[in-house]
Every structure is written in C-alpha cells, then in structure tokens.
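Visitor:
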Amino acid sequence: SGADFQPSPPGSMYPLIYYVKIVYPLALISQTGSIWTTCLITIERYLAVCHPLMSLTLSTRSRAIWALSILSAAAFLFNLPRFAEVDTTGDGIRPTDLRRNKIYYHVYYICLNLSLNYILPLSLLSALNIKIYASVRHANAHRNELTRARQSELHLASMLVLIVAIFIGECHMITIQFTNSLFTSSL
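The sequence shown runs 7 to 193 under the numbering used here.
#1: For a test of the three-state rule: what should DSSP assign to Thr43, helix, strand or coil?
#2: With a cut-off of 8 Å, do at least 3 Cβ pairs link the region 80-96 to the region 27-42?
#3: Going by other Cβ atoms of all chains shown within 10 Å of its Cβ, with 16 needed for buried, is Ala171 buried or exposed?
#4: Alpha helix (DSSP H) containing Arg88: first to last residue?
#5: Closest by CA to Gly208, which one among Tyr24, Phe173, Gly175?
#6: Output the boundary residues of the beta strand (DSSP E) element that contains Phe95.
#7: Does the contact criterion of 3 or more C-beta pairs under 8 Å hold for the region 119-131 versus the region 88-108?
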C-alpha cells in the first residue's frame, strides 16, 4: 500500500543501483528482442513480396507465435549475464569479476554481442530490404498486371523498408553510443 512506501533519503544510490542492476539488463533484453522482431517481420515481408507462394505456407499465425516465443526466450537467455555484471557495495556500484574478466569481455561483448545485435541483423535487414525494394520497383513497372492484394503487399513492403531504415539510423546508432559511453570506464 502507499502508506508502506519509504522514499530514499536525499543523495541515495538506490535509483542508480535499481537502474544499473535491473532496468539496464531488462532494456538490453528488450533491445535484442526488438532487433530480432524487426528481422522476423522483414523475413515475413520478404517472403510475401519475393516468394508469395512460399509465404502462404510459411507465414502462419502458429509459426509466428512459435518464432516470437523462441526469440523472446533467446533474447532473455542471451542477456542473462548482464544481471551479474555489476555489484552494489554500500553506497556505490562496481563491476563484478565477471564484467572485469577479459575473456568474458572479448567473447561476450566483442564477438557475440557485436555479431548478434549489430552485424548479423544489420546485414540481414540490409540484404532483404534491398531485395524487397528491387521487387517493388520491378512490380511497379508492371503495376497494371497486379491484383489489388498484391499491390497491398507491395505497399506494406515499401513501408517496412522505410521503417527499417529509420530503425537502423536512429535507434541502433544511439544505442551503440550510449552503451560505449556507459561501460568504457569500467574496463
């Protein structure tokens, strides 16, 4: 209840501790999930535009639920070590031995994080969106031969290309800068 709430004393480290130990790892889980959800949507749009017959059998509601469930579990498991990277001592926050471990840093941050959250998804998004764009351009040249449903699919694909471009340009680049500035001092 509201009567049990005790505000932190002025100058308390509690909000920062809460952020670093709980909110930041949860935000990274959400970031990984949103990156790969964008990839799943792009794959679905690629199939719908470039391989419409294959899309009819592969793009089902049950497969989408399974894919999102697996993606969510993988995002959680991949970012689970983030909860063990910092420790609170009295009125301060310090990196744990895990976070200071050079092997962990190079394998997890440099190899895995860079590959799974940046290189692989950005490559996939770029390649598939280039193919979608080329297919949309080709279809627009033959627009009078298209059905209304196919025209709608192409319009959705065009919108997705724009959304992915914004996603890459804004969200991803800001995250890279924030993450680098947040943890550079802890090495």
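Even for Gly, the Cβ is constructed at its ideal location relative to N, Cα and C.
Guide: If we stick to the structure as given:
#1: If you number the sequence shown from 1, residue 43 lands on position 37. Helix at Thr43.
#2: yes
#3: Here residue 171 is taken as the residue at index 165 of the sequence shown, counted from 1. That one is exposed.
#4: Position 82 of the sequence shown holds residue 88. Per DSSP, Arg88 belongs to no alpha helix (DSSP H) and is neither H nor E.
#5: The structure shown has nothing for residue 208, since the chain only spans 7 to 193.
#6: In the sequence shown, residue 95 corresponds to position 89, counting from 1. The identity of residue 95 in the sequence shown is Thr, whereas the question assumes Phe. Residues 92-95.
#7: no
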